[in-house]
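Counting with this note's numbering, you get residues 8 to 463 for the letters of the sequence shown.
Virtual Cβ for every residue (Gly too), placed ideally from N, Cα, C.
Please read the structure below before turning to the comments.
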Amino acid sequence: MTPLSTDPAARARLRWSVATSSVQIEGSRRADGAGRSIWDDEIAKPGRIRDGSTAEPACDSYRRVADDLALVAGLGLDRYRFSIPWARVQPDGRGPGNVAALDHYARVVDGLLAAGVTPFPTLYHWELPSAVEADGGWLARDTAERFGEYAALVAARLGDRVSSWYTLNEPAMTTLQGYAVGALAPGRQLLYGALPTAHHQLLAHSRAAEALHARGAASVGLVNNHTWVLPLRDTEEDQAAAAVYDLLHNRLFSEPLLSGTTPDLEALGLPPLPVLGDDLARIAGSIDFYGVNFYNPTTVTAAAEDDIPFEIVPTPGVPVTGFGPEWPIMPSALRDLLIDLHRRHPSMPPIIIGENGAAFPEPDVAGPVEDTDRIAYLSAHIDAVGEAIDAGVPVEEYTVWSLLDNWEWTDGYTQRFGLVHVDFSTGERTPKASYGWYRDLIAGARAAEDAEAARA
Numbered sequence: 008m009t010p011l012s013t014d015p016a017a018r019a020r021l022r023w024s025v026a027t028s029s030v031q032i033e034g035s036r037r038a039d040g041a042g043r044s045i046w047d048d049e050i051a052k053p054g055r056i057r058d059g060s061t062a063e064p065a066c067d068s069y070r071r072v073a074d075d076l077a078l079v080a081g082l083g084l085d086r087y088r089f090s091i092p093w094a095r096v097q098p099d100g101r102g103p104g105n106v107a108a109l110d111h112y113a114r115v116v117d118g119l120l121a122a123g124v125t126p127f128p129t130l131y132h133w134e135l136p137s138a139v140e141a142d143g144g145w146l147a148r149d150t151a152e153r154f155g156e157y158a159a160l161v162a163a164r165l166g167d168r169v170s171s172w173y174t175l176n177e178p179a180m181t182t183l184q185g186y187a188v189g190a191l192a193p194g195r196q197l198l199y200g201a202l203p204t205a206h207h208q209l210l211a212h213s214r215a216a217e218a219l220h221a222r223g224a225a226s227v228g229l230v231n232n233h234t235w236v237l238p239l240r241d242t243e244e245d246q247a248a249a250a251v252y253d254l255l256h257n258r259l260f261s262e263p264l265l266s267g268t269t270p271d272l273e274a275l276g277l278p279p280l281p282v283l284g285d286d287l288a289r290i291a292g293s294i295d296f297y298g299v300n301f302y303n304p305t306t307v308t309a310a311a312e313d314d315i316p317f318e319i320v321p322t323p324g325v326p327v328t329g330f331g332p333e334w335p336i337m338p339s340a341l342r343d344l345l346i347d348l349h350r351r352h353p354s355m356p357p358i359i360i361g362e363n364g365a366a367f368p369e370p371d372v373a374g375p376v377e378d379t380d381r382i383a384y385l386s387a388h389i390d391a392v393g394e395a396i397d398a399g400v401p402v403e404e405y406t407v408w409s410l411l412d413n414w415e416w417t418d419g420y421t422q423r424f425g426l427v428h429v430d431f432s433t434g435e436r437t438p439k440a441s442y443g444w445y446r447d448l449i450a451g452a453r454a455a456e457d458a459e460a461a462r463a
């Protein structure tokens, strides 16, 4: 099976990765003196998690590091994306680092290096310490400074072996779903009052990037959730609604990083972002790569309400994942998104696809899973990346979400994304058909790389 589009050299040069996040796989939520995060607080709200689960033990990965590293090594990956939770390292979001937690992630890094896989940590995958949220969370500018201090602590412990870092995961989802509509932790419903969190997260990224670079990091970036926005109808009203949603979901986060500017919120009747002094210059100069997480397009239509001028609706004429119409499948949307992003920012740094994957209904008990629907999803999206590369977009890495079936936030254990099946009653791991497919794809890409090098 051809892993990318038409350019063999581009196919050969692409790096291959897989991702997980700490709260979704680790369990052992209080182990080694870990503090509470906003997701511990969210779990405690009655009825908040769809199946009543608690992320404990999830995949039990905090205690089963060797099992997961063996699965990573078996894929033949270039890099492994995992996350380090702030509340484990700084239980109260300030002060000295938790030595036991830092030792744990040092062992993860050492295990990856011993397996020939480059560690690629994420410093923040939505796990804000509860104490930081109590002090204002991402609504408070001071959180950016505290995040920079946390990044410096982690870099001081791991920076001699880790050279590439993600700072924040999907700040758009924190702003829109965490603070605007309350679908994710911390469950705030501030609507446009959430917008300052966008700037404060980018500011936090810039502070962390400075701390990481000061300690020898070679490659630092942020990864955002992007979506290709489609108007339901080709009307002036729906086009305008799509433009507003594109601004709030995509451009509010990409433009400060890629052009040093902020979108014109005042044109929408909204207050400007709380930008001070040299904020934008520090943000714009902070990335060595730009991370893109992509799952699906978003179709919108004009809404009758004045305060929210768009309504998200099902994308017509396309299949869907296990989430139903909420997650339509349209691989061409990834290609179009990447091409448009590069068109807007032709001098942008290299792009890394930080997450791409799909959940489908699968058995709960351990056993073989012939997940042909996932293979089809991944194959088509990898081909879409190839088409973007052929069009000149500088994509350097592709990452599958996720290595393991995991605890899927407010959906609990009801959605399965993994290349590896996890029986959550026993912790047993069973590689799915997609695991073998991805392993073989990577091996084929490596063979193509060797052949390309031999011709050079």
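Residues in its own chain within less than 6 Å of G104 by CB, not counting five upstream and five downstream?
Excluding positions up to five away in sequence, the list reads V96 and L160.
Identify every run of the alpha helix (DSSP H) within the segment 328 to 361, keeping only runs that are complete inside it and at least 4 residues long; order them along the chain.
Restricted to the segment 328 to 361, the alpha helix (DSSP H) segments that are unbroken, complete and at least 4 residues in length are 338 to 351, listed in chain order.
Per-residue DSSP class, three states only, for E312:
E312: coil per DSSP, three-state reduction.
Could you tell me which of Y420, D58 and S35 sits nearest to E369, measuring between CA atoms?
Minimum Cα distance to E369 is reached at Y420.
For the candidate residues L287, L272 and Y252, whose alpha-carbon lies nearest to that of S266?
Per the Cα distances, L287.
Continuous alpha helix (DSSP H) stretch holding P263: start and end:
In the DSSP assignment, P263 falls within the unbroken alpha helix (DSSP H) covering L259 to S266.
When the Cα atoms are used, what is the spatial distance from A463 to V376?
A463 and V376 have their C-alpha atoms roughly 41 Å apart.
Do A225 and S293 count as a contact pair if the criterion is CB distance below 8 Å?
No, they are not a contact pair.
Let me know if E333 comes out buried or exposed under the rule of 16 or more other beta-carbons within 10 Å of its beta-carbon.
E333 should be labelled exposed.
Measuring straight from C-alpha to C-alpha, what distance separates R350 and G83?
Approximately 33 Å, taken between the alpha carbons.
With distances taken from CA atoms, which of F89, R101, A41 and R114 is nearest A73?
Comparing Cα positions, the closest option is R114.
With burial defined as no fewer than 16 other Cβ atoms inside 10 Å of the residue's Cβ, what is the status of L264: buried or exposed?
Buried, by the Cβ-count rule.
In terms of residues, what are the limits of the alpha helix (DSSP H) holding T204?
T204: member of the alpha helix (DSSP H) spanning P203 to A221, first to last residue.
Can you have a look at P92 and say buried or exposed, based on whether 16 or more other CB atoms are within 10 angstroms of its CB?
Result: buried.
Rounded distance between the beta-carbons of S35 and Y69, thought under 8 Å:
Right, their Cβ atoms sit about 4 Å apart.
DSSP has E140 in a bridge; who is on the other side?
Bridge partners of E140: none, in fact.
What residue does the beta strand (DSSP E) around I319 start on, and which one ends it?
Start and end: F317 to V320.
Looking only at its own chain, which residues have a Cβ that is under 8 Å from the Cβ of P270, when we skip the five neighbours before and after it?
So the list reads L254, R258, L259 and E262, once near-sequence residues are dropped.
Nearest-angstrom beta carbon gap, L198 and T308 [assumed within contact, 8 Å]:
With 8 Å as the limit, T308 and L198 do not qualify as a contact, their Cβ atoms being about 19 Å apart.
What does A431 pair with, by DSSP beta-bridge criteria?
Reading off the sequence shown, one finds Phe at residue 431, where the question assumed Ala. Per DSSP, none; premise fails for F431.
Which same chain residues end up closer than 7 Å to V372 when comparing Cβ atoms and leaving out the 5 residues on each side of it in sequence?
Here the set comprises D430.
Whose CA, out of A205, L183 and H206, lies closest to the CA of R195?
When A205, L183 and H206 are compared, the shortest CA-CA separation from R195 is found for L183.
With DSSP as the reference, please indicate the residues paired to V171 in a beta bridge.
It should be pointed out that residue 171 corresponds to Ser in this sequence rather than to Val. S171 pairs with S226.
How many Å lie between E134 and V230 at the Cα?
About 15 Å.
Taking the continuous alpha helix (DSSP H) assigned at E156, which residues delimit it?
Looking at the DSSP string, the run of the alpha helix (DSSP H) that includes E156 is D149 to L165.
Please state whether the Cβ-Cβ distance between N300 and I32 is less than 8 Å.
No Cβ-Cβ contact shorter than 8 Å links N300 with I32.
Tell me where the beta strand (DSSP E) around W408 begins and ends.
It spans V402 to W408 - the beta strand (DSSP E) in which W408 sits, taken as one unbroken run.
Quick one: residues in its chain with C-beta nearer than 8 Å to the C-beta of E273, no 5 flanking neighbours on either side, listed in chain order?
Leaving aside the five residues that flank E273 on each side, the residues in its chain whose CB is nearer than 8 Å to its CB run, in chain order, P279.
Specify, as a first and last residue, the run of the alpha helix (DSSP H) that W23 falls within.
Membership of W23 in any alpha helix (DSSP H) is not indicated; the residue belongs instead to the beta strand (DSSP E) covering R22 to A26.
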